[in-house]
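Just below is one structure, and these are the notes that go with it.
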Amino acid sequence: MDCIAYSIEENIMDVDAFTGEIRLFAGNFAPEGWLMCNGSLQSISTYGALYALIGIIYGGDGATTFAVPDLRGRVPLSNNLNAPAQPLYPLGAKGGSEGVQLVEDNIPAHNHTLSVSIAPATSPAPTPKDTMTIGAGSGTTLKLYTTTGKVITPGTMGNQTIGESGSSSPYFHDNIMPSLVMTYIICTNGIYPQS
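Numbering-wise, my numbering comes out as the position in the sequence shown, counting from 1, plus 4.
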C-alpha cells in the first residue's frame, strides 16, 4: 500500500495512518510525522492530537509532557478489557522478562537412584580392569586404578540425604522467542480517529 502525504501550511499529514497508530519500520529513525516508540517524553503543546488520544498512559506529568509507548525489547499485547473471563491487561501495563532465573520450583520433582553394595570389600583397593595407551601409536600402558592402598573397614550405609548442589550465583536462561529487531514508530500527524 502506497503512503500518500500532502502538505498543509508546512505540516506533513499522513493520510494513510491514524494519529496514535503504531507500525514497524525497517529503518533506525522515525520518518517525518512519526516518533520512535522508545518511552521518550514529548511536549503536549507540540503533539496535542497524540496527547489527546493516549494521555499519560505511558508516562509524563500531564501538565507539559507525556510519554510515547516504550516498545524497545517488548512485544505488544492486545488489551482485553471486554473479555472478563481472561486476565486483565489494561493499556500501558508491562510484564514479562527477557531472562528467567532457574529456581528449585522450576524443576519437576524427581529421584536419583544410587546403587550400592553392602557386602564387605574383598581387597584393599580396586585393581585395574582395563588399560589404555596414551599418545598415538605404541606407548606406555597406564593402569586406570592403582593396586596400592590401605584396607578399608566395612561400614554401614543407612538412609542418606544428598544436599543441593550447583552454582552459588543464579543462572538465567533466555525467554525470547525467535525474533527480528525492527523499529516501532507511532504516528503523530495522521487522520484523527473517531470512535
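We treat Cβ as the ideally placed atom computed from N, Cα and C, and that holds for glycine. Since the model is a prediction, treat every value here as computed from it, not as a measurement.
When C-alpha distances from Ala34 are compared across Tyr55, Ala97, Asn193 and Gln198, the shortest belongs to Asn193.
Sixteen is the threshold: since fewer than 16 other Cβ atoms of the shown chains lie within 10 Å of the Cβ of Thr117, the residue is exposed.
For Gly52, the enclosing alpha helix (DSSP H) covers residues Gly52 to Ile58.
Approximately 10 Å separates the beta-carbon atoms of Ile195 and Gly24; this is outside 8 Å, ruling out the contact. The Cβ neighbour count for Ala97, taken over all protein chains shown within 10 Å, is under 16; the residue is labelled exposed.
Assigned with DSSP and collapsed to three states, Asp65 falls in coil, not helix or strand.
Residues Gly77, Asp178, Asn179 and Ile180 of the same chain have their beta carbon placed closer than 8 Å to that of Glu102, with the five preceding and five following residues left out of the count.
By the CB criterion at 8 Å, Leu45 and Gly64 fall inside the cutoff. Among the bridge pairs identified by DSSP, Ser47 is matched with Thr69. If the five residues before and after Ile60 are omitted, its C-beta is found closer than 8 Å to the C-beta atoms of Gly66, Phe70 and Ala71, all from its own chain and listed in chain order. Taking the Cα of Phe22 as reference, the smallest distance to any Cα among Gly31, Val79, Trp38 and Asn32 is reached at Trp38. Rounded to the nearest angstrom, the gap between the Cα atoms of Gln105 and Thr50 is 43 Å. Secondary structure note for Phe29: its beta strand (DSSP E) is the uninterrupted segment Ile26 to Phe29. A straight-line Cα-Cα distance of about 52 Å links Ala53 and Pro112. If you ignore the 5 residues before and after Pro197, its C-beta comes within less than 6 Å of the C-beta of Phe22, all in its own chain and listed in chain order. Secondary structure at Asn179: coil, using DSSP grouped into helix, strand and coil.
Counting along the chain, no beta strand (DSSP E) covers Tyr196, and no H or E run does either. Measuring C-alpha to C-alpha distances from Thr68 to each of Tyr55, Val79 and Leu75 identifies Tyr55 as the nearest. Judged by DSSP secondary structure, Val104 falls within the beta strand (DSSP E) whose first and last residues are Gly103 to Gln105.
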